[in-house]
Amino acid sequence: MLTSQLVPLLADAVLYAIIAVAVVLVAGTAGLVVTRRRRSELPAPAKPAPLDTAAPEAEPTVGEDAEEPRDTPTRTLEDTELPTLEKPESAQGRLVRLRSRLARSQGSLGKGLLALLSRDKLDEEAWEDIETTLITADVGVAPTQELVERLRTRLRVEGGGGDQARAVLREELIDLVDPKLDRSLKVDRKDDQPAVVLVVGVNGTGKTTTVGKLARVLVAEDKQVVLGAADTFRAAAADQLQTWGERVGVPTVRGPEGGDPASVAFDAVKQGVAESADVVLVDTAGRLHTKTGLMDELGKVKRVIEKAAEVDEVLLVIDATTGQNGLTQARVFAEVIDVTGLVLTKLDGTAKGGIVIAVQRELGVPVKLVGLGEGADDMAPFDAEQFVDALLD
Numbered sequence: 127m128l129t130s131q132l133v134p135l136l137a138d139a140v141l142y143a144i145i146a147v148a149v150v151l152v153a154g155t156a157g158l159v160v161t162r163r164r165r166s167e168l169p170a171p172a173k174p175a176p177l178d179t180a181a182p183e184a185e186p187t188v189g190e191d192a193e194e195p196r197d198t199p200t201r202t203l204e205d206t207e208l209p210t211l212e213k214p215e216s217a218q219g220r221l222v223r224l225r226s227r228l229a230r231s232q233g234s235l236g237k238g239l240l241a242l243l244s245r246d247k248l249d250e251e252a253w254e255d256i257e258t259t260l261i262t263a264d265v266g267v268a269p270t271q272e273l274v275e276r277l278r279t280r281l282r283v284e285g286g287g288g289d290q291a292r293a294v295l296r297e298e299l300i301d302l303v304d305p306k307l308d309r310s311l312k313v314d315r316k317d318d319q320p321a322v323v324l325v326v327g328v329n330g331t332g333k334t335t336t337v338g339k340l341a342r343v344l345v346a347e348d349k350q351v352v353l354g355a356a357d358t359f360r361a362a363a364a365d366q367l368q369t370w371g372e373r374v375g376v377p378t379v380r381g382p383e384g385g386d387p388a389s390v391a392f393d394a395v396k397q398g399v400a401e402s403a404d405v406v407l408v409d410t411a412g413r414l415h416t417k418t419g420l421m422d423e424l425g426k427v428k429r430v431i432e433k434a435a436e437v438d439e440v441l442l443v444i445d446a447t448t449g450q451n452g453l454t455q456a457r458v459f460a461e462v463i464d465v466t467g468l469v470l471t472k473l474d475g476t477a478k479g480g481i482v483i484a485v486q487r488e489l490g491v492p493v494k495l496v497g498l499g500e501g502a503d504d505m506a507p508f509d510a511e512q513f514v515d516a517l518l519d
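Residue 127 is where the sequence shown starts when you use my numbering, and the numbers rise one by one after that.
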């Protein structure tokens, strides 16, 4: 009786259990389908940025830390930005500008002489004043006496007057400066070797600056130049010379501070030979003309250089404002080394134009370059006629 009653109840329970399981299975399947459908509609997650970048970038650029695409070309040497080189002024432009400056600073000499020579009567007192004016301008005693004598003779024969006096004075001054001297710089290659220019002078004359400015003159003439910083006693000199070179794309050979100057000069010439350069400019230490040992060292530098190439020019730099002291320096240098040309710096300002005549007479060596002012291109080849015209302007 009891069993017969339980059978229908168990059958109902099993049926309900089957129905419940079926419902759960259907609901689970439906939920999974919906979830997958929702996920498919969502955007794909962004890839994490590399560890060495601050944030992901759409187009990484060359040179940055982000990884470059495979098809991005690598940067070549032509793509690299190089420093802008300066273009030095031509020699003709320098001469015009320097003549103007020289006229402003030295014109008092010419005006003073013209005023004296234009007097109605040239008595002894007037000629004594002319002599004083010339000697004060550092022309020197002997050249002054020679000039005055020639002026007296010509004006007595040809007559005076303003225009005539100026013409006679101009001719005699040009003759005294001597336009026949060879003022050309030997800066051309020969026998497949570069020209070598050795620049010497005492401290404070502007020697290193002269080398830098001369490099600019040569670069303006399309010369390939190598600089040698053989002033190893002063680190600032090598730094200064290297800066001059970098501004016009010229390499500088230098050595350790306190090193052997002759060795640096030799290395500079060897590099000039290896690079087929046109000119090698060698800056030397500021030699104190009162110290014999240093002057002997200068001779050694020249001898060592000549083991690699011939020295074509030895330029002596003289501060034009030093007057007679500059002549003393010139004498001592000429005794130690064969000076081939003179460079007069600081010819503007307080310098006396007559030093050009005096120093040439003293050494028998021509002034080849003059420097006026602090500008990078304030140096030009010396021209006798333009110099005299500037004095008389």
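Note that beta-carbon positions come from the ideal geometry of N, C-alpha and C, so glycine has one too. No experiment lies behind these values; they were computed from the predicted model shown.
Query: Range covered by the alpha helix (DSSP H) that runs through L260; Result: E250 to T262
Query: For L473, the three-state DSSP class (helix, strand or coil); Result: coil
Query: Straight-line Cα distance separating L324 from G354; Result: 9 Å
Query: Meets three-Cβ-pair contact criterion under 8 Å: the segment 485-492 and the segment 450-458; Result: yes
Query: Own chain partners of K478 with C-beta closer than 6 Å, once the 5 adjacent residues on each side are dropped; Result: A263 and D264
Query: DSSP state of A321 mapped onto helix, strand, coil; Result: strand
Query: Contact under 8 Å by Cβ, I444 with L468; Result: yes
Query: Alpha carbon of L340 to alpha carbon of R487, nearest angstrom; Result: 24 Å
Query: Closest residue to T466 among N451, D386, L495 and L281 (Cα-Cα distance); Result: L495
Query: Buried versus exposed, by CB contacts within 10 Å (16 or more), Q397; Result: buried
Query: Selected residue, minimal CA-CA separation from P214, among L517, V345, E432 and G266; Result: V345
Query: Segment contact flag, the segment 361-380 with the segment 300-315, C-beta cutoff 8 Å, min 3 pairs; Result: no
Query: Distance between beta carbons of V379 and D522, contact taken as under 8 Å; Result: With the chain running from 127 to 519 in the structure shown, residue 522 is simply not present.
Query: V496 beta carbon near the ligand GTP (any heavy atom closer than 7 Å); Result: Within the structure as shown, the ligand GTP is missing, as the structure has no ligands at all.
Query: Span of the alpha helix (DSSP H) around K396; Result: P387 to A400
Query: Residues of its chain near P199, where Cβ-Cβ distance is below 7 Å and the 5 sequence neighbours each way are ignored; Result: Caution is warranted here: a pLDDT of 38 is assigned to P199, below 50, making its placement in the model unreliable, and no coordinate value can be reported.
Query: N-terminal and C-terminal residue of the beta strand (DSSP E) that K333 is part of; Result: Taken as a continuous stretch (DSSP letters only), K333 belongs to no beta strand (DSSP E), being part of the alpha helix (DSSP H) at K333 to A346.
Query: Other residues of its chain near A331: CB distance less than 7 Å, five sequence neighbours each side excluded; Result: Note that residue 331 is Thr in the sequence shown here, rather than Ala. Only V443, I444, D445 and T471 meet the Cβ criterion.
Query: Residue range of the beta strand (DSSP E) that includes R280; Result: Counting along the chain, R280 falls outside any beta strand (DSSP E), though it belongs to the alpha helix (DSSP H) covering V267 to E284.
Query: Under the three-state DSSP convention, the category L243 falls into; Result: helix
Query: C-beta atoms of P507 and V406 nearer than 8 Å; Result: no
Query: CA nearest to the CA of G425, picked from Q271, K333 and V326; Result: V326
Query: Length of the line joining the Cα atoms of L299 and E439; Result: 27 Å
Query: Beta-carbon gap between D108 and V351 smaller than 8 Å; Result: In the structure as shown, the chain starts at 127 and stops at 519, and residue 108 therefore has no counterpart that could be examined.
Query: Collapsed DSSP secondary structure at D409 in the structure displayed; Result: strand
Query: Supposed contact pair V462 and M505 - C-beta distance, whole angstroms, cut 8 Å; Result: Their Cβ separation, rounded to whole angstroms, is 25 Å, which puts M505 and V462 out of contact at 8 Å.
Query: CA nearest to the CA of V430, picked from K349, G449, V395 and L240; Result: V395
Query: Simplified DSSP state of K494, which is helix, strand or coil; Result: strand
Query: Exposure label - D197; buried when at least 16 CB within 10 Å; Result: With a pLDDT of only 40 at D197, under 50, the local geometry of the prediction cannot be trusted, and the value read off the model is given with reservation. It is exposed - the Cβ of D197 has fewer than 16 other Cβ atoms within 10 Å.
Query: Buried/exposed call for L517, threshold 16 Cβ in 10 Å; Result: buried
Query: Contact under 8 Å by Cβ, V427 with P382; Result: no
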